[in-house]
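K.L.:
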Amino acid sequence: MKSLAESNGQIVDLRQLQFSGTYFSLSENSVDVLFKELYRYINGEFGSQFILEWKMGSRILKKEDDFSCRKMKNGAYSIELTGNVICDRVFNIASLKKYERDKKASSLSSLPRGAIASTDYVTYYEKHIIPVLDNDARTKSAVLRLLNLQGKTSRGTGLIPDIIAHFSCIPMCKNGLFYGRFTLYIARYCLGEDLDCWAESFCKFGKDLAQKSEHTNIHIELNPCWGDFYSFYFGQYPSQNDTALIDTPLRNYVRALYTTEVGWAHFLCRETRELCEANSTKCVNRLVDNLIEVEEIKGGGLFVRAKKPISLADISDLKAIKRYIYEMIMPRSQTLSIDWRIRSKWQRVPVFSEELTVVRGRCFFNHNGKINIEKASRLLEI
């Protein structure tokens, strides 16, 4: 593997291979087991080639048993990992810390535009979007064309860690159970020609994890950088039209029950799968697009992925996945101003024409549907 630390400020591929997930209604012991599985996988696969530092707040975790939710106030905790491929600049924990300090000291104002937008994006936006902003219909067509452009790659300067991970655990209201999120990002630049091999490794691990840990949803994607890009367009939380969810704990829990992103591969637990039951038609009986593969896994969950390797999959493949799991994606909406950020890092986010409305230069994105409060409460065991 090669390190972004040695890219020397050159314009490089900034994409990140992402393995992330949510869990809900797990016991304290089940959460501990879930974290240990992630810890062992990351240390086992990357420990020999990376300098890795695990932290819980200010505490350094040197082994998997250095943490426990029993030690944290109210049972909540957050664990973070930062790491770098071993190279001349980063070769131990001390040099990793120095490299992190050096990056923070670098002035963003001195970086090329690629630090905040892909280097080839702004020219496209100025040529194809700005000239039609005075006409809503033409603007919608132009925005959809922009979002559907295939084969685009986020490029810029590589002042980011080679690998990061995050694991959170939060107590649920009154039932003694927990919910949370976990995410692993590794820079595509580091993987070189082994990108597809690592994506398949993530799939193998994801399937094993999904079959061991109930109430857990997992998603694998090649993102332009860190972050939940689907939520950038469609919003972080359920639509404000779902008044029963406003300012209630359930508003947070449903973000773990539903999937909140659309990626190259998904492992969806049995409870999340039940969300797609409509008019007595179960998800397993649906027509499977020839771009995707669907497999039922142990425990009644679903494994859905693009047939193409992750390096070749694109918007059309993600649209096929989205169509199949539509009711399992959290319904919500978002309003965005149409400016240069609309796809500034060539985000791979599938948007259907019926989900986009343009009015007076503003985009309204709406993932159609409504959360079934009664069913969600039952599936979440609250």
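Note that the sequence shown ends on residue 381 in numbering that gives the first Met the number 0; no numbers are left out. We put the beta carbon where it would ideally sit given N, CA and C, even for glycine.
Which of helix, strand or coil does DSSP assign to Y76?
P.N.:
Y76 falls in the strand class under three-state DSSP.
K.L.:
Just to confirm the assignment: which complete beta strand (DSSP E) runs, minimum length 3, are found wholly within the region 312–362?
P.N.:
Counting only runs of 3 or more, we get 332–336, 355–358.
K.L.:
Among I314, I92, R342, F351, which one has its Cα closest to the Cα of Y325?
P.N.:
Nearest of I314, I92, R342, F351 to Y325, Cα basis: F351.
K.L.:
Check each candidate in R137, L13, I169, V253 and name the one with the smallest Cα separation from C362.
P.N.:
When only C-alpha atoms are compared, the closest one is R137.
K.L.:
Specify whether the region 293–306 and the region 181–195 touch according to this definition: at least 3 beta carbon pairs, one from each stretch, less than 8 Å apart.
P.N.:
Result no; under three Cβ-Cβ pairs closer than 8 Å.
K.L.:
Within its chain, find whatever has a CB closer than 7 Å to the CB of Y40; leave out the 5 residues flanking it on each side and keep chain order.
P.N.:
For Y40, where only same-chain residues beyond five positions count, the Cβ hits under 7 Å are F204.
K.L.:
Among A116, D161, Y229, which has the Cα closest to the Cα of Q333?
P.N.:
Checking every option, the nearest Cα to that of Q333 belongs to Y229.
K.L.:
Just mark P237 as buried or exposed, buried being the case when its beta carbon has 16 or more other beta carbons within 10 Å.
P.N.:
The residue is buried, with at least 16 neighbouring Cβ atoms inside 10 Å.
K.L.:
Enumerate, from N- to C-terminal direction, the unbroken beta strand (DSSP E) stretches of 3 or more residues contained entirely within the region 93–168.
P.N.:
Segments of the beta strand (DSSP E) lying fully in the region 93–168: 154–156.
K.L.:
Could you check how far apart the C-beta atoms of G82 and D161 are, in whole angstroms? I think they sit under 8 Å.
P.N.:
Right, their Cβ atoms sit about 6 Å apart.
K.L.:
What span of residues does the beta strand (DSSP E) with K35 cover, start to end?
P.N.:
It is not in any beta strand (DSSP E) - K35 instead sits in the alpha helix (DSSP H) that spans 27–45.
K.L.:
How would you call N216, buried or exposed, if buried means at least 16 neighbouring beta carbons within 10 angstroms?
P.N.:
It is buried - the Cβ of N216 has at least 16 other Cβ atoms within 10 Å.
K.L.:
What residues in its chain sit with their C-beta under 6 Å from that of I128, if we drop five residues either side in the sequence?
P.N.:
Counting only Cβ-Cβ distances below 6 Å, and skipping sequence neighbours, we find A141.
K.L.:
S117: which of G300, F266, A4, T156 sits nearest, CA to CA?
P.N.:
Of the candidates G300, F266, A4, T156, the one whose C-alpha sits nearest the C-alpha of S117 is T156.
K.L.:
Mark C212 as exposed unless 16 or more other C-beta atoms lie within 10 angstroms of its C-beta, in which case mark it buried.
P.N.:
The question names Cys, but residue 212 in the sequence shown is Ser. Answer is buried; the Cβ neighbour count reaches 16.
K.L.:
Between the alpha carbons of L110 and I328, how many angstroms are there, rounded?
P.N.:
Only weak support is given to the placement of L110: the predicted model assigns it a pLDDT of 46, under 50, and the value that follows is read from those uncertain coordinates. Taking the straight line from one Cα to the other gives about 37 Å.
K.L.:
Based on Cα-Cα distance, which residue from E5, F364, Y323, I314 lies nearest to K102?
P.N.:
The candidate whose alpha carbon is nearest that of K102 is E5.
K.L.:
Between which two residues does the beta strand (DSSP E) carrying K372 extend?
P.N.:
Before going on, a small fix: residue 372 reads as Ile here, not Lys. Segment 372–378 is the alpha helix (DSSP H) holding I372; no beta strand (DSSP E) there.
K.L.:
At 4 residues or longer, and completely inside the region 199–246: list those alpha helix (DSSP H) runs for me, N to C.
P.N.:
Entirely contained in the region 199–246, the alpha helix (DSSP H) runs reaching 4 residues are, in chain order, 228–233.
K.L.:
Just verifying my parser: in three-state terms, what is the DSSP assignment at R304?
P.N.:
Note: R304 maps to strand in three-state DSSP.
K.L.:
What residue does the alpha helix (DSSP H) around E5 start on, and which one ends it?
P.N.:
Premise fails: E5 is in no alpha helix (DSSP H) and is neither H nor E.
K.L.:
Rank S57, E380, L3, D313 by C-alpha distance to the C-alpha of K151 and give the top, closest one.
P.N.:
Checked all of S57, E380, L3, D313; the closest Cα to K151 is D313.
K.L.:
Pull up the distance between the alpha-carbon of N278 and that of K369, whole angstroms please.
P.N.:
Any reading at N278 must be qualified, since the residue scores a pLDDT of 34, below 50, and its modelled position is unreliable; the value itself is stated next. In a straight line, the C-alpha of N278 is about 15 Å away from that of K369.
K.L.:
Can you tell me which of the three DSSP states E270 falls into?
P.N.:
In the structure shown, E270 sits in a helix (DSSP, three-state: H, G or I).
K.L.:
Out of curiosity, what's the CA-to-CA distance linking I341 and V261?
P.N.:
If you take the alpha carbons of I341 and V261, they lie about 18 Å apart.
K.L.:
Taking a contact to mean a Cβ-Cβ separation below 8 Å, would you say G191 touches K374 in this structure?
P.N.:
Contact: no.
K.L.:
Do R144 and T21 have their CB atoms nearer than 8 Å?
P.N.:
No, the Cβ-Cβ distance between R144 and T21 is not below 8 Å.
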